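Quick note on full-length UniProt numbering: the sequence shown kicks off at 1 and runs consecutively. Yeah, the Cβ is synthetic: ideal placement off N, Cα and C, and Gly gets one too. All figures in this text were calculated on a predicted structure; none of them were measured in a lab. Notes follow the structure.
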Amino acid sequence: MLSQLTVSNFAIVKFLELDFNAGMTSITGETGAGKSIAIDALGLCLGSRAEAGMVRPDAERADLSACFDISAIPAACAWLQQNELNDTDHCIVRRTISAEGRSRAWINGHPVPLAQLKGLGELLVSVHGQHAHHSMLHSEVQLDLLDQYAGHHNLLNACQKSYLSWKQIDRQIQQLQQQQAQRQARSQLLEYQVQELDEFGLQIDEFEQIESEHKRLANCGTLLEQSQRAIYLLSEGEDNSVQSLLQQAISEVEALHSDDPAFAESLAMLHEGMIQIQESSNEIEHYRASLEMDPERFNELEQRMSRAMTLARKHQVNANQLAEHHQALADELAQLSDSDSQLEELQQQRSLCVEQLQQHSSKLHKSRCRFAKELNKLVTANLKELAMPHAKFEIEVGYIDEQLSPQGSDKVQFLVTTNPGQPLQPIAKTASGGELSRIGLAIQVITARKVATPTLIFDEVDVGISGPTAAVVGKMLRQLGQSTQVFCVTHLPQVAGNGHNHMFVSKQSTGRSTETHMVALQLQQRIDELARLLGGDTITENTKANAQELLIQ
């Protein structure tokens with residue numbers, strides 16, 4: 001429930017601080033006084049579009065804040081908890097607009113983006129404007145009104161989720177299909193390339209091994225000669241080999257060691273050196289023995305190296321990278337081959353999404369038909385009270401099999417007949433301006449009862465209505481105010497008199513500046529205001545008496 005609204009430097013308002021109560025609050029005032037100014041300010045508090053022209057002339061900024069009692073609004077409490085915005089029994093929203101048109105917003109003292117402000121506002125206030133009955137001529141608005149009355153939030157969410165999934169998968173399928181020709185050409189090229197490389201069968205690191213063995217066989221004679229010479233120098237020379245010379249040195253050091261133990265470490269190193277020279281000589285001997293001239297193997301290696309380098313040039317890679325390149329091409333070919341199975345899988349998923357969407361749409365259709373019958377009776381009954389005794393209202397719900405949309409597969413049309421014997425026809429063709437206003441008002445009042453929003457605003461929705469019909473409208477709104485907070489901007493005394501509370505809007509001008517004021521009326525002030533609405537500038541005892549009769553206490 002809205003408990004307080006503070007407005008500073010907004011349009012022609014210099015400063016307003018208003019306290020509100022539960023029930024129905026009538027808002028009246030002279031023509032041009034700005035009766036909707038508080039509603040416009042509240043709309044800005046809850047995320048409406050801001051413009052620089054909304055700031056009062058010569059002011060730096062407009063400042064608007066609204067306080068709501070949310071102790072009985074679990075949805076708003078849960079929203080504040082989810083967004084970590086100080087969940088308490090009261091919620092304060094604030095909006096500032098600079099003279100340049102920049103705006104900032106806060107919820108419970110925390111700066112927030114405009115989207116969050118709008119998200120919270122939808123849980124707190126619902127506005128029914130004076131032109132709502134004109135928008136009601138559109139099929140999508142009619143569908144939305146039926147869904148609001150039926151409370152289809154969960155079903156519509158499920159339908160929208162399935163629809164979005166279907167669209168996303170459908171886009172993926174279209175992309176795959178568009179790429180299919182390119183994939184086929186690429187796949188044919190890869191099949192040829194991979195088959196050629198498969199036949200060659202070069203393994204990872206094999207080229208390096210071939211290259212090393214080829215080099216060794218190409219230099220076999222030189223290697224034999226050099227290894228033999230090394231062995232001779234190490235061990236086979238009789239007097240001048242490394243081993244024989246080292247042995248002589250060991251004998252000398254052993255003699256020194258016998259006279260002086262200080263040579264122990266040097267002697268140990270010489271013995272270790274002898275062992276390493278012997279092992280090295282043995283290794284070289286083993287290598288020399290393994291060397292064997294093999295022209296056939298050499299030719300085989302040379303042909304494989306040549307083929308590897310030819311394929312490497314063809315694929316524009318180094319020969320030692322050919323095996324990895326082969327693997328990469330094979331992986332790409334496998335991936336392209338998998339795209340067909342991926343397409344088939346996506347098509348199955350799309351069919352499943354369509355099936356789910358159709359199931360949700362079918363549930364929506366059945367529910368809409370059921371609630372349409374219920375709403376038909378209620379609107380028809382209200383129209384009889386609104387001086388349309390022969391009117392009959394009916395909602396036509398048509399199911400379109402091939403239609404897939406986030407709102408289901410229904411097309412809704414409001415039909416009405418206002419005279420006996422006339423067939424039901426779309427309201428755009430049948431209803432006059434006044435009749436359309438009454439039909440729109442009847443639907444808005446009925447749907448408002450079903451909407452969980454705790455504060456409802458009716459902004460001059462009674463345009464085109466007068467006399468006894470206006471009294472019925474006032475009674476309807478007052479009944480609505482028994483269960484929720486209702487604000488009604490009106491120019492009709494029959495409506496205003498039904499309010500539990502009454503606010504009066506006035507405008508004062510000094511010639512250089514204009515200010516709008518809004519005050520709560522007490523009992524006698526309410527009678528005077530109702531009398532003004534009845535009689536204009538001339539207020540007599542009779543108009544006051546009539547006003548007192550209109551005032552419902």
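Helix, strand or coil for residue i? Go by DSSP, reduced to three states.
i      : result
Leu85  : coil
Pro423 : coil
Ile173 : helix
Lys411 : strand
Gln366 : The amino acid at residue 366 is misidentified as Gln; the sequence shows Lys. Reduced to three states, the DSSP call for Lys366 is helix.
Gly201 : coil
Lys14  : strand
Val7   : strand
Gln278 : helix
Thr484 : coil
Phe20  : coil
Val489 : strand
Ala50  : coil
Asp144 : helix
Leu234 : helix
Pro406 : coil
Lys314 : helix
Gln553 : coil
Ala428 : helix
Ile443 : helix
Thr538 : coil
Asp462 : coil
His325 : helix
His152 : coil
Between which two residues does the beta strand (DSSP E) holding residue i run?
i           : result
Lys507      : Asn501 to Ser509
residue 556 : Only positions 1 to 553 of the chain appear in the structure, and residue 556 is not among them; the question remains open.
Ile395      : Lys392 to Tyr399
Thr25       : Met24 to Gly29
Asp459      : Thr455 to Asp459
Val127      : Val125 to His128
What residues in its chain sit with their C-beta under 6 Å from that of residue i, if we drop five residues either side in the sequence?
i      : result
Gln160 : Pro406
Val495 : Asp462, Ala470, Val473 and Gly474
Ser165 : Cys353
Leu137 : Ala428
Ala33  : Val505, Ser506 and Lys507
Leu267 : Val253 and His257
Within its chain, find whatever has a CB closer than 7 Å to the CB of residue i; leave out the 5 residues flanking it on each side and keep chain order.
i      : result
Gln349 : Ile169
Gly497 : Gly474, Leu530, Leu550, Leu551 and Ile552
Ala230 : Ile284
His390 : Thr418, Asn419 and Pro420
Gly29  : Lys35, Phe504, Val505 and Ser506
Phe200 : Arg307 and Leu311
Met476 : Val445
Ala547 : Pro493, Ile527, Leu530, Ala531 and Leu534
Leu383 : Ala391, Phe393, Arg438, Ile439 and Ala442
Gly151 : Lys450
Leu85  : Ile107, Asn108 and His110
Met1   : Ala22, Phe68, Asp69, Pro454, Thr455 and Gln485
Return the bridge partner residues of residue i from the DSSP annotation.
i      : result
Arg61  : Ser98
Met136 : Beta-bridge pairing links Met136 to no other residue.
Ala105 : Arg95
Pro111 : Trp106
Val472 : Bridge partners of Val472: none, in fact.
Cys67  : Gln4 and Ile92
Thr417 : Lys392
How far does the alpha helix (DSSP H) with residue i in it extend, from its first residue to its last?
i      : result
Arg56  : Where Arg56 is concerned, there is no enclosing alpha helix (DSSP H), given that its DSSP letter is neither H nor E.
His257 : Val242 to Asp259
Arg526 : Leu523 to Gly535
Asn542 : Glu541 to Leu550
Ala319 : Careful: Ala319 lies outside any alpha helix (DSSP H) and carries neither H nor E.
Gly43  : Ile37 to Cys45
Give every residue of the same chain whose Cβ lies closer than 8 Å to the Cβ of residue i, excluding the five residues on either side of it in the sequence, and list them in chain order.
i      : result
Leu480 : Met24, Val445, Ala448, Arg449, Leu456 and Val486
Ile400 : Ser409, Asp410 and Lys411
Glu191 : Leu333
Ser26  : Cys488, Thr490, Val495, Ala496, Gly497, Asn498, Gly499, Asn501, His502 and Met503
Asp205 : Ala323
Is residue i near the ligand GDP, judged by its Cβ being under 8 Å from some heavy atom?
i      : result
Gly408 : The model depicted lacks the ligand GDP and carries no ligand whatsoever.
Task: the region 352-369 contacting the region 156-175, beta-carbon criterion three pairs below 8 Å - done: Touching, yes, given that three or more Cβ pairs across the two stretches are closer than 8 Å.
TODO: Determine contact between the region 438-445 and the region 369-383, defined as no fewer than three beta-carbon pairs at a distance below 8 Å.
DONE: Taking 8 Å as the limit for Cβ pairs, the verdict is that the region 369-383 does touch the region 438-445.
Task: contact_flag[the region 448-461, the region 112-128] where n(CB pairs < 8 Å) is 3 or more - done: Under the 8 Å Cβ criterion, the region 448-461 counts as touching the region 112-128, having at least three qualifying pairs.
Open item on the list: Could you check whether the region 97-107 touches the region 45-54, counting it as contact only if at least three pairs of C-beta atoms, one from each stretch, sit closer than 8 Å?
Closed with: Counting Cβ pairs under 8 Å, three or more are found: they touch.
Open item on the list: Does the structure place the region 23-37 close enough to the region 515-535 that three or more beta carbon pairs sit under 8 Å?
Closed with: Yes, they touch.
Task: Sufficient close CB pairs (3 or more, under 8 Å) joining the region 77-89 to the region 4-17 - done: No: fewer than three Cβ pairs fall under 8 Å.
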